[in-house]
Amino acid sequence: MRIFTKTSNAFFALMISFGCGQTDAVAKAQDYANCWFIKEDGKEVHAPSKAAIDFVEYVSKVAGLSMNFEVVGIDYKGKSTIATAFMCGGQRMIGYDVNNFFWFDGSKTDFYSIGVLLHEIGHHYRGHLFTGQLDEEGEKREELEADYFAGFIIESLGGTLNQALQKTREYDESYNKTHPPKSKRVEAVSNGWRDARMKSRLTTPRCRKSDWVGDEFEIDFKVCRQLMDCRNGKPVYRVACETEIGKWVFQ
Ligand SMILES: [Zn+2]
49 MRIFTKTSNA FFALMISFGC GQTDAVAKAQ DYANCWFIKE DGKEVHAPSK AAIDFVEYVS
109 KVAGLSMNFE VVGIDYKGKS TIATAFMCGG QRMIGYDVNN FFWFDGSKTD FYSIGVLLHE
169 IGHHYRGHLF TGQLDEEGEK REELEADYFA GFIIESLGGT LNQALQKTRE YDESYNKTHP
229 PKSKRVEAVS NGWRDARMKS RLTTPRCRKS DWVGDEFEID FKVCRQLMDC RNGKPVYRVA
289 CETEIGKWVF Q
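Residues 49 to 299 (the working numbering) are what the sequence shown spells out, left to right.
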């Protein structure tokens, strides 16, 4: 889904980068409170959490694109769609549900919610909120492009194809004016996921067995080393330090 901009009265969003502090983020979120999308259905806008910003910035890096939108938390007042792409006074926005924010906490990852968030982000990266009113076919094409983006990034985040397709399980095959049938959406997500897998196979070094790499170094008087972790087939580099003799702890 993508939400078109409507002209909001006397409201002009401030284009401030993410380098600002939390106070600025709160003030800025309040500026967006006048946005038509927020006002609709009595939603409330909140400053984004650091975890939300970090995650979205990370996704942008993985996608190899600079972030071209602002993130805000939204209280959808019980009508959550997990995340929404919308326009606010000419500014591209991503809103996420502050009441159900859980994408990942380091050990667990919710690929269902991430799938929705990435689909919405995909609409921004593909410039869909600037394409104007489209016919039915055009709308469906854009939905599939956003699905492809979500599949591509989920693979890049270490998600399996099964995890990438988690959200599609609730779609159906019947006719819908704006969204393509389930089979097409499954195909788009899968294509994105497979293309990312192919790209990573071409660009990442072979990684079959986890092993130490490089020389020892020191952090806070502890001996540390880097480990190439091959458990997911792709190398992930982690730092471990020796806290007691023979006991290595990941940092
Ligand atoms: Zn969409």
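All residues carry an ideal CB built from backbone N, CA and C; glycine is no exception. Everything numeric in this text was worked out from a predicted model, so none of it was measured.
Between A77 and A95, the C-beta spacing is below 7 Å. If you check the CB distance, I101 and V119 come in under 7 Å. With a cutoff of 7 Å on beta-carbon distance, L209 and W241 are scored as near each other. Between V234 and T216, the C-beta gap is smaller than 7 Å, which places the two residues in contact. The beta carbon of C278 is closer than 7 Å to those of C255, R256, K257 and S258 in its chain, skipping five residues each way along the sequence. The DSSP-derived three-state label of E292 is strand. Around G143, the same chain offers V120, I122, A131, T132 and F134 as residues with beta carbons nearer than 7 Å, after the five sequence neighbours per side are excluded.
Taking the C-beta atoms as reference points, F159 is found nearer than 7 Å to G207. When the five nearest sequence neighbours on each side are left out, the beta carbons in the same chain lying within less than 7 Å of the beta carbon of K125 are those of D89, G90 and K91, in order along the chain. Of the residues assessed, P253 falls on the exposed side of the cut-off, its CB having fewer than 16 other CB atoms within 10 angstroms.
At a threshold of 6 Å, A194 counts as near ligand 1, since its beta carbon sits closer than that to one of the ligand's heavy atoms.
Linking L275 to E266 through their CA atoms gives a straight-line distance of about 15 Å.
Counting every other CB atom within 10 Å of its CB across the protein chains shown gives E203 a total of 16 or more, marking it as buried. Partner residues in the beta bridge of A133, as assigned by DSSP, are I142. Take the alpha-carbon of L213 and the one of V261: they are about 35 Å apart. With a 10 Å radius around the Cβ and a threshold of 16 neighbouring Cβ atoms, M141 comes out buried.
In this structure, V110 and I201 form a Cβ contact; the two beta carbons are roughly 6 Å apart against a cut-off of 8 Å. Around the Cβ of L165, a 10 Å sphere holds 16 or more other Cβ atoms; the residue is buried. In the three-state DSSP reduction, R256 falls in the coil class, being neither helix nor strand.
H167 has its alpha-carbon roughly 21 Å from the corresponding atom of M246. Here V271 is bridged, per DSSP, to E266. By the neighbour-count criterion, in which 16 or more other beta carbons inside 10 Å mark a residue as buried, S161 falls on the buried side. Taking C-beta atoms as the reference points, K188 and P229 fail to come closer than 7 Å.
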